[in-house]
Amino acid sequence: MERTILHIDMNAFFAAVEQQSNPALRGRPVAVIGSRQRTIILTASYEARAYGIKTGMMLHEARQKCPDLILVPANNRLYTHVSSGIIRLMQDYTPQVEVFSIDEAFLDVTGSLNVFTSAERIAYLIKSRIKARFGLTCSVGIAPNKLLAKLASEMKKPDGLTRIAADDVARVLENLPVGELCGIGRRTQEKLARLGVHTCGELGRFPVAVLRAHFGVVGERLALMGRGIDGSPVLSPEQEPEVKTVGHGMTLERDISSREEIARFLLQLAEMVGRRARRYGVSGQTVTLTLRYADFSTFSRQRVQPQQIWRSEEIYHAALQILDSLLLAQPVRLLGVRLSQLQPRERQIPLFDEERRRESLTAALDGVNERYGEFSVMPASLLPLKGKGSHVISPAWRPEGIRNVKVS
Amino acid sequence: MEFRIEKEIFLKAMTKVQGIIEKKHTLPILANVLIEAQDHNITFTATDLEVGLKSRYGANILKSGKVTVSAKKLFEIIKELPEAEISFCAKNNFWVEIKCGKSVFNLVGLSPDEFPKFPVIDTDIKDIDKNMINEMIDKTIFSVSNDETKFNLTGIYIKYNSEEGNLVFVSTDGHRLSLINKKINEKLSDKFEDGFILPKKGIIELKKLLENIDGNINIGISDNNFSVSNENTTLIMRMVDGDFPDYNRVIPEKSKNVAVIDKDIFLHSLKRISVLSNEKSKGIKIKLEKDLMTLTSSNPDLGDAKEEINIIYSGDEIIIGFNAKYIIDILQAIKEENIKFSLKDNISPGRITPENDENYLSVIMPMRL
Chain A
1 MERTILHIDM NAFFAAVEQQ SNPALRGRPV AVIGSRQRTI ILTASYEARA YGIKTGMMLH
61 EARQKCPDLI LVPANNRLYT HVSSGIIRLM QDYTPQVEVF SIDEAFLDVT GSLNVFTSAE
121 RIAYLIKSRI KARFGLTCSV GIAPNKLLAK LASEMKKPDG LTRIAADDVA RVLENLPVGE
181 LCGIGRRTQE KLARLGVHTC GELGRFPVAV LRAHFGVVGE RLALMGRGID GSPVLSPEQE
241 PEVKTVGHGM TLERDISSRE EIARFLLQLA EMVGRRARRY GVSGQTVTLT LRYADFSTFS
301 RQRVQPQQIW RSEEIYHAAL QILDSLLLAQ PVRLLGVRLS QLQPRERQIP LFDEERRRES
361 LTAALDGVNE RYGEFSVMPA SLLPLKGKGS HVISPAWRPE GIRNVKVS
Chain B
1001 MEFRIEKEIF LKAMTKVQGI IEKKHTLPIL ANVLIEAQDH NITFTATDLE VGLKSRYGAN
1061 ILKSGKVTVS AKKLFEIIKE LPEAEISFCA KNNFWVEIKC GKSVFNLVGL SPDEFPKFPV
1121 IDTDIKDIDK NMINEMIDKT IFSVSNDETK FNLTGIYIKY NSEEGNLVFV STDGHRLSLI
1181 NKKINEKLSD KFEDGFILPK KGIIELKKLL ENIDGNINIG ISDNNFSVSN ENTTLIMRMV
1241 DGDFPDYNRV IPEKSKNVAV IDKDIFLHSL KRISVLSNEK SKGIKIKLEK DLMTLTSSNP
1301 DLGDAKEEIN IIYSGDEIII GFNAKYIIDI LQAIKEENIK FSLKDNISPG RITPENDENY
1361 LSVIMPMRL
């Protein structure tokens, strides 16, 4: 059966939210940065984009292009709040809402067309309600699958509405550079170029066997992508596969190399991971530490624990053990901690009182944080961090129904 | 050094040291066995610095001396040789030549001077009943923790109480505990009175040693080393550093909820019911009511099971969860026909003893239902 999928992409989300919450910023070139010490632009308002300022640009470069650029440090809590509100609004039109990232979502409206007459009408309703309630604009793509819906939403920005109809797919893709498709990164694009494949049309006609030889199993998927075919379902949080790993990563305000500083971030990450694991009622046996060096080279090391763990300090100690087994070659810019080999948490009560007290303490801390917000109670060593979660939202971050988040 | 020895004896000696040698290869010398020839005896020594074994055998010594070679390779070679006399000869630069029939092997060795010194224990030596020690190990070893991070639980705690003339073995993994108390006639030293923890690896080697000897054994202590010896063999182990938890605190007081249960019926029922419990946590549910015990398990992926057992019970009605394995372990260690199972409520530890013997007991913490 033909599906109707919407992809909704908030325009310059962080910058637009800032402009809405501070009228003085409206109509002016604004760039959101990770923190005062970070030097990369996370999002730029459309006014700033007019000067050629883009996501990922270095600060000094941006200042050269636009000396009047207003820099705003990211306010994660605000973005999360707005994002959750927008997602709830989308859920009025279909239960099948897949939160793709903090500012993007897929909606499968196939079953809602009877009620709302058409996909375009749903798109207009959502756009106008987001505009009225949050003052924000978004671009919407309508297509028979997620791949094409995402492509469609990219076609007109800001405030766009684009439909790629089933019988129009071949024409749209014929001369489209492969890099425009979500899922084909620069490396894949370069590899394809070496095979003489530049457009989606060429990719779709390319022999699958050759693709498979070069890309392995992904080869087949690439061929399908070239023809605009994507069978992946829109997964609402309840439908997502069971939690397999619980992980968090954060890009640091600045590159660090002292063990003490890294350990403090690990403690914070371990607390975030532990909290989520406990909320899901799971424990895990493998702890993975991911590090990204200043030059962006990234690697992970993991360690299997003698038994299932779930308390934050156990996760922290495991991560620290891994850290201590490494010889750091460079300062670190990103840290990630992940707990895997998950199982429903054992219900065995410990024999010794001290152990039982440790468990009660964890439960009590969780209770407080549940009620008064994350990091309301925290280890004193985390205090200088001002008690905010990670300072930069990782691309895998999702505002609610967080299920299968992996360290990017 | 040169000696001749029967294959059978050589193989027996090499088999014994296999369990001792260091497997992590932190120090190459620890993968080797030290072979010393003197007078009419060959002495084999292996150690991983935690547990060490030294054993002596008669042989035809042509020239005295000592060498060290890989214990694993030597074992593999000897094992495959024909049943005949083996000639063993040390060459230059710690090489060793082994000849048997038409086979010749040349093995690289390491200097015997590098081999760690084997501590000599000659203080506090006591003669003790081997069968009793064997039984006490069997009844406690299963609840020793395998979690290296809880190192103070990775062995059996041994303590002597001079007032009552009792020797106690206790082990726990933090979820359950087993304890056995035995009257002994020997007076043991202050070291025993203070209590100490013996590592699981050492205990396992001790078990092997006890199986192969007749009569009594000598035990001794010096500093942090514990030794067990008979005529030809000495096993030494370093005590586990750390304090054993105060186990008396977790042994529940007498309770009015006491069930008397046929051990074999209970044991087999547990084994059946736990087939359908969670693979890892082995959680089962036990319901106690007037003269009846009901065991149930369920696993969302597999199904459920239920079994009733007639017991003697007149306490409160209790529904409680347990890891079936913990109960199975203790029941398998009990020789008596009936057991006593005492409970307080479903969040307090249960206590299992043989029906008429309070000197052996297991304390098991329940699972939340």
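Sequence lines, in order, name chains A and B. Going by our numbering, 238 is the number at position 238 of the first sequence; the sequence numbering is gapless. Take any residue in the second sequence, note its place counting from 1, add 1000, and you have its number in our numbering. By construction, the Cβ of each residue, glycine as well, lies at the ideal position given by its N, Cα and C atoms.
When Cβ pairs closer than 8 Å are counted between the two stretches, the segment 171-178 of chain A is seen to touch the segment 188-205 of chain A, the count reaching three or more. At a cut-off of 9 Å, the C-beta of LYS1023 (chain B) has no neighbouring C-beta in chain A. Contact annotation: ILE1352 (chain B) and LYS1340 (chain B) have beta-carbon atoms nearer than 9 Å.
Per the C-alpha coordinates, the member of B:ASN1310, B:HIS1040 and B:ILE1133 positioned closest to ILE1061 (chain B) is B:HIS1040. In the three-state reduction of the DSSP assignment, ASP1264 (chain B) falls in the helix class. Listed along chain A, the residues sitting closer than 8 Å to ASP1147 (chain B) by beta-carbon distance are PRO306 and GLN307. Below the 7 Å Cβ cutoff, chain B contributes GLY1174, HIS1175 and MET1365 as neighbours of PRO350 (chain A), in chain order. Chain B has a Cβ within less than 9 Å of the Cβ of ASP353 (chain A). Between the alpha carbons of VAL218 (chain A) and PHE100 (chain A) lies a distance of about 21 Å. A straight-line Cα-Cα distance of about 17 Å links VAL1069 (chain B) and CYS1100 (chain B). Among the residues of the segment 1222-1240 of chain B, none has a Cβ less than 9 Å away from any Cβ of chain A. Counting only runs of 3+ residues, the beta strand (DSSP E) found wholly inside the segment 99-154 of chain A occupies 104-108 and 138-143, in chain order. Within the DSSP bridge table, the entry for THR55 (chain A) names no partner. Around SER1281 (chain B), the beta-carbon contacts reaching into chain A at under 8 Å are GLU346, ARG347 and GLN348.
The C-beta of SER83 (chain A) has 16 or more other C-beta atoms within 10 Å across all chains shown, which makes the residue buried. Listed by position along chain B, the residues whose Cβ is nearer than 8 Å to that of GLN343 (chain A) are LYS1280. The CB of ARG1368 (chain B) comes closer than 7 Å to the CB of ARG347 and ILE349 in chain A, given here in chain order. With the rule of 3 Cβ pairs closer than 8 Å, the segment 62-81 of chain A does not count as touching the segment 106-118 of chain A.
Minimum Cα-Cα distance from THR251 (chain A) among the listed residues A:SER283, A:PRO331, A:ALA213 and A:ALA209 corresponds to A:PRO331. Using beta-carbon distances, ILE1319 (chain B) does not count as an interface residue toward chain A, since no partner is under 9 Å. Less than 9 Å separates the beta-carbon of ILE1137 (chain B) from that of LEU1210 (chain B). Look at LEU320 (chain A) here: in three-state DSSP terms it is helix.
Taking 8 Å as the cut-off between beta carbons, the residues of the segment 1338-1356 of chain B near chain A are ILE1347 and PRO1349, in sequence order. Taking a C-beta distance under 9 Å as the contact criterion, ILE1156 (chain B) and TYR1360 (chain B) do not qualify as a contact pair.
Every unbroken stretch of the alpha helix (DSSP H) spanning 4 or more residues and falling wholly within the segment 1218-1287 of chain B is given here in chain order: 1263-1273.
The segment 103-115 of chain A makes no contact with the segment 44-58 of chain A; the number of CB pairs closer than 8 Å stays below 3. Our two residues, VAL1104 (chain B) and PRO1082 (chain B), have alpha carbons roughly 12 Å apart in a direct line. The C-beta separation of THR39 (chain A) from ALA12 (chain A) comes to about 20 Å, leaving the pair out of contact by the 8 Å criterion.
If you look at GLY1065 (chain B), you'll find it isn't in any alpha helix (DSSP H); it sits in the beta strand (DSSP E) that goes 1065-1070.
Counting C-beta pairs closer than 8 Å gives three or more between the segment 1244-1263 of chain B and the segment 1307-1320 of chain B, which meets the contact rule. Boundaries of the beta strand (DSSP E) harbouring ILE1352 (chain B): 1350-1354, taken from the DSSP string. Between the alpha carbons of ALA1071 (chain B) and THR1047 (chain B) lies a gap of roughly 11 Å. Rounded to the nearest whole angstrom, the C-alpha separation of VAL287 (chain A) and THR245 (chain A) is 10 Å.
When the five nearest sequence neighbours on each side are left out, the beta carbons in the same chain lying within less than 7 Å of the beta carbon of LYS65 (chain A) are those of TYR51, GLY52 and ILE53, in order along the chain. For LYS1325 (chain B), the uninterrupted alpha helix (DSSP H) segment begins and ends at 1324-1333.
By the neighbour-count definition (other C-beta atoms within 10 Å, threshold 16), ILE1098 (chain B) is a buried residue.
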